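Below is one structure, written out as structure tokens; comments come after it.
There are 2 protein chains.
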Amino acid sequence: MARKPGKKDLTERQGHLLKVLVERYIEDGQPVGSRRLSEESGLKLSPATIRNVMADLEKLGYLHSPHTSAGRMPTGQAYRMFVDTLVKFNPPEPEEIDSLRRKLEEGAEGSGGKALVRSASSLLSGITHLAGVVTVPRRNHSNLRQIEFLPLSGNRVLSILVVNNREVQNRVLTLDRAYTESELRSAANYLNEQFAGRDIAQVREQLLDDLQRARDSMHNMMSSALTLGRQLFDRKEQQEDFVLAGETNLMDFAELSDVEKLRRLFEAFAEKRDFLHLLDHTLSGEGVQIFIGEESGYDLLDACSVVTSPYTIDDEVVGMLGVIGPTRMAYQRVIPIVDITAKLLGRALNSRS
Amino acid sequence: MARKPGKKDLTERQGHLLKVLVERYIEDGQPVGSRRLSEESGLKLSPATIRNVMADLEKLGYLHSPHTSAGRMPTGQAYRMFVDTLVKFNPPEPEEIDSLRRKLEEGAEGSGGKALVRSASSLLSGITHLAGVVTVPRRNHSNLRQIEFLPLSGNRVLSILVVNNREVQNRVLTLDRAYTESELRSAANYLNEQFAGRDIAQVREQLLDDLQRARDSMHNMMSSALTLGRQLFDRKEQQEDFVLAGETNLMDFAELSDVEKLRRLFEAFAEKRDFLHLLDHTLSGEGVQIFIGEESGYDLLDACSVVTSPYTIDDEVVGMLGVIGPTRMAYQRVIPIVDITAKLLGRALNSRS
DNA sequence: CTTGGCACTCCACTCCAGCGAGTGCTAATA
DNA sequence: TATTAGCACTCGCTGGAGTGGAGTGCCAAG
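Residue numbers (our numbering), protein chains in the order written: chain A, 703 to 1055; chain B, 703 to 1055.
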């Protein structure tokens, strides 16, 4: 991929100084000046020299200053360079991993998968002091286990679907006429015989097929079964969802102290819609992905970075998890945490299914 | 109930002026001065006279000023007096009610009761520009309709409960040994025969009884049924929950513009725990209840008021709903809205069950 | 009891000076 | 040629002084 004009590789010295500057800025959020950098860079260079280097880095698009007489702050490009090539990650200690695993499972005593998702989300937000987000797992291939119908008042029927051996979905269907209990029972029996153990997508397809092919030549019982089944499976995909935790952590950051900005951000969280879109993109990728500032494409997140990783059940990617924080988050700490949490969550979900 | 010292009834003039002052303060949040009040009170009184009255009201605890040369603001006591005796509510127009009803049901196309709750919550927040809150309905008497067990891997069993003809609860039970599919089927049959149509609380009691009485003299099948049943019903009450909407509206109010306060408030919302406690209290009451400032007993809500009303299904109180906003909210508008929304929600839930 | 008058208080705003931090540039140096 | 010291300059921040306005409390007259 062609870089933008003027983005030649940095010299080793430039790289080192950029790294130190980013680290310092991440620590306290204050613009870093030449004097400070010269003292803490480890290189024996005077502030004047540092200033020359900084001026170069600014020309290259890595730094900018809020005003003439302040120090310099990293741009998005600098963070990008930082995470891509400059920073080195300490792989977490085994005992640290173990402690994470325990916390993850402690927080999810309710044995549902949803409890684990919530636990993962608050675990992420708790240890990073950022906002944690985890999408609810969603398998492409859902195995239908059992169907049950119960009549309600009017023309309505409560349908219960057991899927993937552990999830239960239920919906109220409103039908064109009232069905008797025995009709419903035989319909359920028929559908179970035909479709139990099959993939939901397949089931949907075949139902449409059957209904098409045999419109009215059918046995009465089968016909009602098909009618019911069609309604049941015709629903739009159950919408995806995610669990957010520790949003309030974001209030601490000066970058977001403007109440108006905060408000819009929190509204977006509540809406979920826009945000899901962003998370969806990351499902196709592999490993930890990082969106710095504007890279996310949402102007609400201009001052934020998003670090995500997909997680898997049975080697199938079923969701993603991550954190949201200010661009000046502690990447070297956050990235390994997101990575390991994704793996732990996948493993925990596996062991429960 | 004895009033606090010095709280004699107000004269008509004092009452009127207090009312106007509160109204003005609610409108723009600025302390109200004697000049303004004299112009807009409708009484032909000079600012000097108004000042005398205001000084009296201050002595009585209804007013206070932030500093010498500012106007005066109502105290909690003044709001209390305002809502109790001063304000008169315009009963909402029939067409207004109808529009509310339509909005409530539009927002709840997913036919579950939860969808209605969510819709009510965002309806409340939408039209009041405050935070809306609705607890999920919870009946004291839950009618058990059907039980089903499905074996999972290991010693675990997925149990499905249909309750009140429309709600489905499911839990994963972890048992002392593996049960075969036929064992589970007969257990379910047994429990259904015995308990279908009965109240859950009764079921729980009787299960314990049976288990106690007939420990090991029992038929094998019944014994496993009882074991399963006991685990199933032994769980603590499913925790109550509420749905919050439009929290971000609260960010607009100057009273809460302090980010630190906001943060603690939002954290409390996310925790839910403390907050549920407050809502629980209101379940016993009747009609609209109002907590002004410190009356709620939560110091986080010192600058807030909470207006709530219980709602009913089949004349049984099953939950409450309301709004949270700054103490200077437009009570005369908000109170009727909360009242009518509670009635509409109850009605809507009824028609779907 | 009401009112006009008056002195007083306090906040909010503006203006200004002084400071400290940091820069860019230039000229000297290794 | 790369580095450094020196220096003038810029800019934001802080604190104090000054001003205007809003509102009060009190008093004495109607």
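A virtual CB, placed ideally from N, CA and C, is assigned to each residue, including glycine.
For clarity, every value in this text was computed on a predicted model and none was experimentally measured.
- Exclusion of the five residues before and after residue 743 of chain B leaves 718, 719, 722, 752 as the residues of its chain whose Cβ lies within less than 8 Å of its Cβ.
- Using a Cβ-Cβ distance cut-off of 8 Å, the segment 794-802 of chain B and the segment 759-777 of chain B are not in contact, since fewer than three pairs of beta carbons, one from each stretch, lie closer than that value.
- Per DSSP, residue 784 of chain A has no beta bridge partner at all.
- Under the Cβ criterion of 7 Å, residue 1015 of chain B is not counted among the residues facing chain A.
- Under the Cβ distance rule, residue 950 of chain B counts among the residues neighbouring chain A, one pair being separated by less than 7 Å.
- For the pair residue 724 of chain A and residue 793 of chain A, the CB atoms are not nearer than the 7 Å cut-off.
- Sorting A/856, A/904, A/930 by C-alpha distance to the C-alpha of residue 892 of chain A places A/930 at the top.
- Residue 834 of chain B and residue 1028 of chain A have their C-alpha atoms some 29 Å from each other.
- Residue nearest to residue 769 of chain B within the set B/749, B/750, B/785, B/734 is B/734 (criterion: CA-CA distance).
- Inclusion of residue 1046 of chain B and residue 806 of chain B in the CB contact set at 7 Å is warranted, their separation being smaller than that value.
- In the same chain as residue 943 of chain B, and ignoring 5 residues on each side of it, the C-beta atoms closer than 6 Å to its own belong to 838, in chain order.
- Residue 732 of chain A sits in coil when the DSSP states are folded into three classes, being neither helix nor strand.
- The alpha-carbon of residue 855 of chain A is positioned some 28 Å away from that of residue 898 of chain A.
- Residue range 1006-1015 is occupied by the beta strand (DSSP E) that includes residue 1007 of chain B.
- At least 7 Å separates the CB of residue 1022 of chain B from every CB of chain A.
- In this structure, residue 933 of chain A sits away from residue 980 of chain A, with a CB-CB distance that is not shorter than 7 Å.
- Identification of chain A residues near residue 968 of chain B by a Cβ-Cβ cut-off of 9 Å yields 949, 950, 953, 968, ordered along the chain.
- Residue 824 of chain B is not a Cβ neighbour of residue 1005 of chain B, given a cutoff of 7 Å.
- Of B/1032, B/1053, B/1048, B/1039, the smallest CA-CA separation from residue 789 of chain B is found for B/1032.
- Residue ranges of uninterrupted alpha helix (DSSP H) with 4 or more members, entirely inside the segment 930-987 of chain A and ordered along the chain, are 961-973, 975-985.
- Of A/975, A/832, A/952, the smallest CA-CA separation from residue 964 of chain A is found for A/952.
- Assignment of residue 754 of chain B by DSSP, reduced to helix, strand and coil, places it in the helix class.
- With a threshold of 7 Å between beta carbons, residue 870 of chain A makes contact with chain B.
- In this structure, DSSP gives residue 998 of chain B a helical state, which the three-state scheme calls helix.
- Within 8 Å of the CB of residue 965 of chain A, the CB atoms of chain B belong to 950, 953, 954, in sequence order along the chain.
- Here the alpha carbons of residue 956 of chain A and residue 832 of chain B stand approximately 26 Å from one another.
- Annotation for residue 1052 of chain B: 1015 place their beta carbon closer than 6 Å to its own, counting only its chain and skipping 5 residues before and after.
- Residue pairing from DSSP places residue 766 of chain A in a beta bridge opposite A/775.
- In this structure, the beta-carbon distance from residue 782 of chain A to residue 994 of chain A falls below 7 Å.
- By a beta-carbon distance limit of 8 Å, residue 1020 of chain A contacts residue 841 of chain A. Their separation comes to about 5 Å.
- The C-beta separation of residue 1036 of chain B from residue 1009 of chain B comes to about 6 Å, placing the pair in contact by the 8 Å criterion.
- Against chain A, the beta carbon of residue 867 of chain B has neighbours under 7 Å at 854, listed in chain order.
- Judged by DSSP in its simplified three-state form, residue 858 of chain B adopts strand.
- For residue 959 of chain A, the neighbours in chain B by C-beta distance under 8 Å run, in chain order, 961.
- Using beta-carbon distances, residue 1042 of chain B does not count as an interface residue toward chain A, since no partner is under 7 Å.
- Membership of residue 795 of chain B in any alpha helix (DSSP H) is not indicated, and neither H nor E is assigned to it by DSSP.
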